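Enquirer: Numbering of the sequence shown is given in numbering that gives the first Met the number 0, commencing with residue 0 and proceeding in unit increments. Where is the CB? At the ideal position from N, CA and C, for every residue including glycine. Being a predicted model, the structure only gives us computed values, none of them experimental.
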Amino acid sequence: MKKKKKLEILVINPGSTSTKVALFENEKLIFSETIIHYPFELQKFEKIWKQYEFRKSLVIELLQRYKIRRGTLDAVVARGGLFKPLEGGTYRVNQKMIQDARMASYGEHASNLGCILAYGIAWEVNVPAFVVDPPSVDEMNLLARYSGFPEIPRTSIVHALNIHATARIAAKKLKKQYRKTRFVIAHLGGGTSITAVKEGRIIDCSHGLSGGPFTPQRTGSLPVVELVKLSYAKKYSFEEMMRKLVGAGGLVAYLGTNSAKEVEKRIKNGDEKALEIYQAMAYQIAKEIGAMSAVLNFELDAIVLTGGLAYSEILTKWIKEYLKKLAKVLVFPGEDELKALVLGALRVLRGEEEAKEY
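#1: Grab me the residues of Ile-67's own chain with a C-beta within less than 7 Å of its C-beta, minus the 5 sequence neighbours each way, in chain order.
#2: From what residue to what residue does the alpha helix (DSSP H) around Val-136 run?
#3: Give me the residue from Val-130, Asp-203, Leu-314 and His-186 with the minimum Cα distance to Ser-155.
#4: Can the beta-carbon of Trp-48 be found less than 9 Å from the beta-carbon of Ala-117?
#5: For Gly-333, name the three-state secondary structure that DSSP assigns.
#6: Which of the three DSSP states, helix, strand or coil, is assigned to Ile-156?
#7: According to the Cβ coordinates, are Pro-13 and Leu-112 closer than 9 Å?
#8: Quick one: residues in its chain with C-beta nearer than 8 Å to the C-beta of Gln-283, no 5 flanking neighbours on either side, listed in chain order?
#9: Output needed for Tyr-277: all residues of its chain with C-beta closer than 6 Å, excluding positions within five of it in sequence on either side, in chain order.
#10: In the DSSP assignment, what are the bridge partners of Lys-27?
#11: To the nearest angstrom, how far is it from the Cα of Leu-304 to the Cα of Gly-87?
#12: Pull up the DSSP beta-bridge partners for Arg-101, would you.
#13: Check whether the Cβ atoms of Val-251 and Gly-207 sit closer than 9 Å, and answer yes or no.
#14: Thinking C-alpha only, which one of Asp-300, Asn-296, Ala-195 and Gly-248 is nearest Leu-221?
#15: Label Pro-50 either buried or exposed according to how many other C-beta atoms from any shown protein chain fall within 10 Å of its C-beta, with 16 as the threshold for buried.
#16: Which value, in whole angstroms, describes the spacing of the CA atoms of Leu-81 and Phe-53?
#17: Just to confirm, are Glu-26 and Val-347 a CB contact at a threshold of 9 Å?
#18: Is DSSP giving Val-303 helix, strand or coil here?
#19: Using the beta-carbon count (16 or more within 10 Å), is Asn-161 buried or exposed?
#20: Could you give the uninterrupted runs of the beta strand (DSSP E) lying entirely in the region 7 to 84, keeping only those of 3 residues or more?
#21: Please list, in chain order, all residues of the same chain as Thr-266 whose beta carbon is under 7 Å from its beta carbon, the five residues on each side excluded.
#22: Would you identify the three-state DSSP class for His-186, choosing helix, strand or coil?
#23: Per DSSP, which one or two residues make a beta bridge with Phe-129?
#24: Could you tell me the boundaries of the alpha helix (DSSP H) in which Ser-292 lies?
#25: Could you spell out the range, first to last residue, of the alpha helix (DSSP H) harbouring Val-196?
#26: Would you kindly report the start and end of the unbroken beta strand (DSSP E) that includes Arg-200?
#27: Check this for me: beta carbons of Ala-74 and Leu-9, under 9 Å apart or not?
#28: Name the residue from Ile-115, Tyr-253 and Asn-257 whose alpha carbon lies nearest to the alpha carbon of Glu-271.
#29: Cβ atoms of Val-130 and Val-76: under 9 Å apart, would you say?
#30: Following the continuous alpha helix (DSSP H) through Ala-117, name the residue where it begins and the one where it ends.
#31: Can you list, in chain order, the residues of its chain with a C-beta nearer than 6 Å to that of Lys-19? Leave out the 5 residues immediately preceding and following it.
#32: Considering only residues of the same chain and omitting the five flanking positions on each side of Thr-16, which have a CB-CB separation below 6 Å?
#33: State the beta-bridge partners of Val-328 as determined by DSSP.
#34: Distance, Cα to Cα, Ala-301 vs Glu-198?
#35: Rounded to whole angstroms, what is the Cα-Cα separation between Val-223 and Leu-229?
#36: Would you kindly work out how many angstroms separate the C-alpha atoms of Asn-268 and Arg-167, rounded to a whole number?
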């Protein structure tokens, strides 16, 4: 591709009830808008994949409203979907990826629309379409996959997009080469991923849905025998138990809210129970970070806290207290998925790395 000083990249991030769209000129955000999809609009589509034309038309209408000429684009990049296990990186959208997403071969989710939305718009103007660090990124080492129960090997379900992006930010902050760093990175949010990141690869991790510390709405790891006994004794349905584990666990189960701000408000008002539960969550996060540090032989460049909960000064303070003798703790709150996506595309367009093939 002919090198240009200014590269225009369209970014698309489809979610269950919205589609986020942004235009970047290099790293500079030109505009960003979230298209809301109401239930009555989506319920007429039998399958998520059938929302494609509907969502694409809304993206094109948005570009027309902002007077964006699609012929000036250099690439379109989107959030990846539930694909087969992949190593991290920027992937060129191809027909095999689209087919797996269409068939929901590895699970049905709105993010599966990302690749076809990017491809559909990019194809019309003859520019490349990419996805970056999809949720199916799996770079775990061999030993990390053993669970103690052969029928259930450990798998990688992590916030790979934000973790890889944050690892690059941390490396730059420390003035180190990204591929020569060793971090424990904790993405803290409604779901939590605590990862050992060695030389740019997530070699071990807590499971984002069913492992690690409890979160605002998930239980995290549980005593297995007691869980089995409870499931049989109470005769919970599959749906009821899944709801208890993911959605109604963690802070929701203990305090009836998934809002960290609400919990902190209760603590300020003298709620001792809220204080104890919130401290327990910090305790579990620090403990899991310690375990991931062992994976890296306790040779760390830094421990990194990111995600929405990293905005909480009281929570990060408690975590730092546990870890202060282990390694430097860096805090990069939030997750800028749109920026992470565009940076992945830029690395390929600038020749800094090769696009991977699905």
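Expert: In short:
#1: These residues qualify, in order along the chain: Leu-22.
#2: Looking at the DSSP string, Val-136 is not in any alpha helix (DSSP H), and its letter there is neither H nor E.
#3: With respect to the C-alpha of Ser-155, the residue from Val-130, Asp-203, Leu-314 and His-186 having the closest C-alpha is Asp-203.
#4: Cβ distance not < 9 Å, so Trp-48 and Ala-117 don't count as in contact.
#5: Residue state, collapsed to three classes: strand.
#6: The three-state secondary structure of Ile-156, taken from DSSP, is coil.
#7: In this structure, Pro-13 sits near Leu-112, with a CB-CB distance shorter than 9 Å.
#8: Gly-211, Pro-212, Phe-213 and Gly-219.
#9: Taken in chain order, the residues that qualify are Val-262.
#10: For Lys-27, which the question treats as bridged, DSSP gives the partners Glu-24.
#11: Each residue's alpha carbon lies about 20 Å from the other.
#12: When DSSP reads this structure, Arg-101 sits in no beta bridge, so it has no partner.
#13: Not a contact, by the Cβ cut-off of 9 Å.
#14: Considering only Asp-300, Asn-296, Ala-195 and Gly-248, the residue with the shortest C-alpha distance to Leu-221 is Gly-248.
#15: It should be pointed out that residue 50 corresponds to Gln in this sequence rather than to Pro. Classification of Gln-50: buried, given that the 10 Å Cβ count is 16 or more.
#16: Going from the Cα of Leu-81 to the Cα of Phe-53 covers about 21 Å.
#17: Their beta carbons are not under 9 Å apart, which means Glu-26 does not touch Val-347 by this criterion.
#18: In the three-state reduction of the DSSP assignment, Val-303 falls in the strand class, which pools E and B.
#19: By the neighbour-count definition (other C-beta atoms within 10 Å, threshold 16), Asn-161 is a buried residue.
#20: Those beta strand (DSSP E) runs which fall completely within the region 7 to 84 and span 3+ residues are 7 to 13, 17 to 24, 27 to 35 and 74 to 78.
#21: Note that residue 266 corresponds to Ile in the displayed sequence, not to Thr. If you ignore the 5 residues before and after Ile-266, its C-beta comes within less than 7 Å of the C-beta of Ala-273, Leu-274 and Tyr-277, all in its own chain and listed in chain order.
#22: Here His-186 sits in strand by DSSP.
#23: The partner list for Phe-129 (beta bridge, DSSP) reads Val-76 and Arg-91.
#24: Note, Ser-292: alpha helix (DSSP H), 271 to 294.
#25: Careful: Val-196 lies outside any alpha helix (DSSP H), inside the beta strand (DSSP E) at 192 to 197.
#26: Here the beta strand (DSSP E) through Arg-200 covers 200 to 204.
#27: For the 9 Å CB-CB criterion, Ala-74 and Leu-9 form a contact.
#28: Taking only the C-alpha atoms, the option nearest Glu-271 is Tyr-253.
#29: Contact flag set, yes.
#30: Taken as a continuous stretch (DSSP letters only), the alpha helix (DSSP H) holding Ala-117 covers 112 to 123.
#31: Taken in chain order, the residues that qualify are Asn-12 and Thr-33.
#32: For Thr-16, where only same-chain residues beyond five positions count, the Cβ hits under 6 Å are His-36.
#33: As computed with DSSP, Val-328 is found in a beta bridge with Ile-302.
#34: Cα-Cα distance, rounded: 13 Å.
#35: C-alpha of Val-223 to C-alpha of Leu-229: approximately 10 Å in a straight line.
#36: For Asn-268 and Arg-167, the distance between alpha carbons rounds to 39 Å.
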